[in-house]
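Peer 1: If you read the sequence shown in the numbering used here, its first letter stands for residue 1, the second for the next number, and so on.
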Amino acid sequence: MLTTLVLAALLQQPTAAPPPAPPAQQSPPALEVGAAAPDFSMPGATRFGTLKNPVKLSDYKGKTVVLAFFFKARTRG
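1) Determine the DSSP secondary structure at residue 41, reduced to helix, strand or coil.
2) Check residue 19 in the structure and name its three-state DSSP category.
3) For residue 35, I'd like the list of residues in its chain whose CB is within less than 8 Å of its CB, leaving aside the five on either flank, ordered along the chain.
4) Are there any heavy atoms of the ligand HEM lying less than 8 Å away from the beta-carbon of residue 21, as far as the coordinates show?
5) On the DSSP bridge list, what partners appear for residue 46?
6) Let me check understanding here. Comparing Cα to Cα, which of 40, 45, 46 lies closest to residue 59?
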């Protein structure tokens, strides 16, 4: 009987509403197949280390560009 009363009392207590979710970031529109990629820059790297100046996609306009990511390179993982 006591367990029922405690449970009933707990169920009647008001609960705090969770905080509102932050507004979702809008992603840029998807690219169509064959469309040009938007220009961007990123740190460049070679087998000897990183490059001093960032590499820009626009530096290679008209050439074939392949981006390769090795997310565990130079780590113990």
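Virtual Cβ for every residue (Gly too), placed ideally from N, Cα, C.
Peer 2: Taking the structure as given:
1) Strand.
2) coil
3) none
4) You won't find the ligand HEM in this model; it holds no ligand whatsoever.
5) 49
6) Nearest C-alpha to residue 59: 40.
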